[in-house]
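Protein chains in written order, with the numbering used here: chain X, 101 to 559; chain H, 19 to 321. One structure is given below, encoded as structure tokens.
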């Protein structure tokens, strides 16, 4: 064995550095059939298990490898923003929220996935296609910057047993918007009189965090006739008296409901999971929350799932018209700079085959509906009356009147919603004592300033 | 000796001087070894210190980001909150720490036992502590309001649901968490004061408050100032307290610059604006660092 000299140490060190540097491209080349995938963690373990099965099926069918991470949606959002900012990106990412894809497509940070969507285009719902055709500010065009994989509507979730405990019947629930909501006020009073000191009529989220407060605001505005607040041309209609009136009415109604003590006070600080938790702990009789996450979290409690909980569709508007359900679409994107685009696309083409996607979403217990109405019609599982929760949600998301989340129309509303501009308005009313019309004006002013930054060329 | 030889001689001298400058007193292979050992540290310093700082400065160098930031209606509230958070949080914490360090100078086993209990909030990891405080302050089912109701029949307020109560809760949580640490630092400072000085002052009639005012505090003043400056610099970047105690709510009304920066960077997917938000603290932080550096260079012996 030779002796260790200064030269040998230095030579050895240099050799190691060189081997490391040269080894990196080799490893990348060796993994040419491996794609990195980031996916959102489910609300129930079955969702993650279904994704793992999807990956295993793909790997078996293709011979490719998927190096995947399942991450809760809030950290995933941060991870995704960091990735597209630094340029160190995975090959496939699931949207962590409804704003990310719209904002990053605008910044030309996503790949056009039209060729992937094209393989199943005829199967998709109109809302699914519309929601993924996002605007790129560099090309000034809309393309499929995301692949639709999951869709959801927002039903009401109700504790039927609490209604009965309060001395009412679920069949008494009225079917027009304001009356529907007011129905829960005497229920709250009766329950509180019976010792349920901290049980409230509703679990509406009136915070400035996450998706739920946006959901809630949009539903109220739609119920009061303001669903034209943003239109397909990507324009904000703040000057439209009908829209303005609907926004003021929505802010007034929610703020009053809160101030009158019919929403848990902590709701001003809730995040997306908190209303679910509040509902599960019977802090509220009724909740308004997207997808079936609320019900599925209690699927193992047969009494609660099969008997006590109700999934209620939207009531009619106050003048008796059917209200459209705002239907969100989640899916996957491929960021620019991804190393293994072909494997990423191949995986997505595999995943959106109707039978594969159907099996994946059914494996997740149907928390999300399949964005392909024909598949839901062909498979009786989706509309099985034995599971009234799933049937109601599927009906709302796929077969009733629907409108998309406005992020489909303009990335500006993605920023408005990410900033929670209209949710700050109800904070201004509740905490700042501002009049609802002034709060609405302030919010519209901010929204207009944001929309001015996102001009969309009309084609 | 001709002119060219003189020139060559000068060049050679200059080379040797340059070489001495880099090599110092190191000879031959010592210099190579020294280089071999120092290069990894320089590389780590460049990668993990210089690069992030330069990248951050680059991200925050776009003037448009500042326009965007100043247009944000919550920016002004955030600045006011940050100023209040620093002014009240840091100063109350440091002043109480100064007083308590005097208490912990007392002799007795129970004082030492109490000190061990007292430092626990600092020793426990931040996140579980702040999340626990968040739940304790919940208006509906929090420990505090339940106690108020059970013991006195009082319905407590919703601590985190109004601006001032929530901001007050954040500041209190911050003081509670960090006061023990600074108490221990100031306690160490007090212990370094020679006992003879106190005894001499005692002979001159300075006891109790007078001893504190005329002996302890003047000797601790420099340490107190340095600690306050350091604490202010640390606290400007404090993200955890506001995020986990109040969540920045209600309606962003308890945001500080650090939480605004994270929100802009990740929730709005605008990292440049997020960095710009944090950069706007520089007019405060840079002078503080300069004063701190000057204080640390103070030549005279002072605690």
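The C-beta atom is built at its ideal place from N, Cα and C for all residues, glycine as well. No experiment lies behind these values; they were computed from the predicted model shown.
Bridge partner(s) assigned by DSSP for residue i
{"i": "residue 412 of chain X", "result": "X:256"}
{"i": "residue 30 of chain H", "result": "None; residue 30 of chain H has no bridge partner."}
{"i": "residue 301 of chain X", "result": "For residue 301 of chain X, which the question treats as bridged, DSSP gives no partner whatsoever."}
{"i": "residue 384 of chain X", "result": "X:300"}
{"i": "residue 48 of chain X", "result": "What is shown of chain X runs 101 to 559, which leaves residue 48 of chain X out entirely."}
{"i": "residue 244 of chain X", "result": "X:233"}
{"i": "residue 134 of chain X", "result": "X:165"}
{"i": "residue 309 of chain H", "result": "Partner(s): none; residue 309 of chain H has no beta bridge."}
{"i": "residue 194 of chain X", "result": "X:432"}
{"i": "residue 139 of chain X", "result": "X:170"}
{"i": "residue 250 of chain X", "result": "X:430"}
{"i": "residue 469 of chain X", "result": "X:251"}
{"i": "residue 210 of chain X", "result": "X:435"}
Min CB distance residue i to chain X below 8 Å
{"i": "residue 180 of chain H", "result": "yes"}
{"i": "residue 55 of chain H", "result": "no"}
{"i": "residue 289 of chain H", "result": "yes"}
{"i": "residue 218 of chain H", "result": "no"}
{"i": "residue 156 of chain H", "result": "yes"}
{"i": "residue 295 of chain H", "result": "no"}
{"i": "residue 79 of chain H", "result": "no"}
{"i": "residue 283 of chain H", "result": "yes"}
{"i": "residue 249 of chain H", "result": "no"}
{"i": "residue 176 of chain H", "result": "yes"}
C-beta atoms of residue i and residue j nearer than 8 Å
{"i": "residue 189 of chain X", "j": "residue 183 of chain X", "result": "yes"}
{"i": "residue 429 of chain X", "j": "residue 354 of chain X", "result": "no"}
{"i": "residue 414 of chain X", "j": "residue 270 of chain X", "result": "no"}
{"i": "residue 298 of chain X", "j": "residue 383 of chain X", "result": "yes"}
{"i": "residue 327 of chain X", "j": "residue 424 of chain X", "result": "yes"}
{"i": "residue 119 of chain H", "j": "residue 208 of chain H", "result": "yes"}
{"i": "residue 469 of chain X", "j": "residue 497 of chain X", "result": "yes"}
{"i": "residue 221 of chain X", "j": "residue 471 of chain X", "result": "no"}
{"i": "residue 463 of chain X", "j": "residue 160 of chain X", "result": "no"}
{"i": "residue 551 of chain X", "j": "residue 508 of chain X", "result": "no"}
{"i": "residue 91 of chain H", "j": "residue 546 of chain X", "result": "yes"}
{"i": "residue 191 of chain H", "j": "residue 267 of chain H", "result": "no"}
CB contact below 8 Å: residue i versus chain H
{"i": "residue 185 of chain X", "result": "yes"}
{"i": "residue 121 of chain X", "result": "Bear in mind that the predicted position of residue 121 of chain X carries a pLDDT of just 44, short of 50, making it unreliable; the figure below should be weighed with that in mind. Output row for residue 121 of chain X: interface = no."}
{"i": "residue 474 of chain X", "result": "no"}
{"i": "residue 380 of chain X", "result": "no"}
{"i": "residue 124 of chain X", "result": "Note that residue 124 of chain X scores 40 on pLDDT, short of 50, meaning its location in the model is unreliable and no value can be drawn from it."}
{"i": "residue 362 of chain X", "result": "no"}
{"i": "residue 544 of chain X", "result": "no"}
{"i": "residue 377 of chain X", "result": "no"}
{"i": "residue 195 of chain X", "result": "no"}
{"i": "residue 237 of chain X", "result": "no"}
{"i": "residue 129 of chain X", "result": "The predicted position of residue 129 of chain X is uncertain, since its pLDDT is 39 and thus under 50; a value taken from the coordinates is nonetheless stated next. Residue 129 of chain X does not count as touching chain H."}
{"i": "residue 200 of chain X", "result": "yes"}
{"i": "residue 540 of chain X", "result": "no"}
{"i": "residue 288 of chain X", "result": "no"}
{"i": "residue 557 of chain X", "result": "no"}
{"i": "residue 102 of chain X", "result": "Below a pLDDT of 50, predicted positions are generally treated as unreliable, and residue 102 of chain X, at 45, falls in that range; no measurement from the model is reported."}
{"i": "residue 178 of chain X", "result": "yes"}
{"i": "residue 181 of chain X", "result": "yes"}
{"i": "residue 464 of chain X", "result": "no"}
{"i": "residue 527 of chain X", "result": "yes"}
Interface residues of chain H facing residue i [CB-CB closer than 7 Å]
{"i": "residue 173 of chain X", "result": "By Cβ distance, chain H contributes nothing, its closest Cβ being about 12 Å from residue 173 of chain X, past 7 Å."}
{"i": "residue 322 of chain X", "result": "None at all; the shortest Cβ gap to chain H is about 23 Å."}
Cβ-Cβ separation, residue j to residue i (assumed contact under 8 Å), whole Å
{"i": "residue 284 of chain X", "j": "residue 385 of chain X", "result": "5 Å"}
{"i": "residue 77 of chain H", "j": "residue 290 of chain H", "result": "5 Å"}
{"i": "residue 375 of chain X", "j": "residue 312 of chain X", "result": "6 Å"}
{"i": "residue 171 of chain X", "j": "residue 209 of chain X", "result": "Wrong, their Cβ atoms sit about 19 Å apart, outside the cutoff."}
{"i": "residue 252 of chain X", "j": "residue 390 of chain X", "result": "5 Å"}
Residue i: contacting residues in chain X (beta-carbon distance under 7 Å)
{"i": "residue 286 of chain H", "result": "515, 518 and 519"}
{"i": "residue 265 of chain H", "result": "309 and 369"}
{"i": "residue 270 of chain H", "result": "308 and 524"}
{"i": "residue 30 of chain H", "result": "Ordered by position in chain X, no residue passes the 7 Å Cβ test against residue 30 of chain H, which lies about 27 Å from the chain."}
9 Å Cβ cut-off: residues of chain X touching residue i
{"i": "residue 159 of chain H", "result": "298, 366, 381 and 383"}
Chain X contact residues for residue i, given Cβ-Cβ distances below 8 Å
{"i": "residue 89 of chain H", "result": "549"}
Where residue i meets chain H, residues with beta-carbon distance less than 9 Å
{"i": "residue 531 of chain X", "result": "179, 180, 181, 268, 269 and 271"}
Listed by chain order, chain H residues near residue i by CB distance under 8 Å
{"i": "residue 204 of chain X", "result": "287"}
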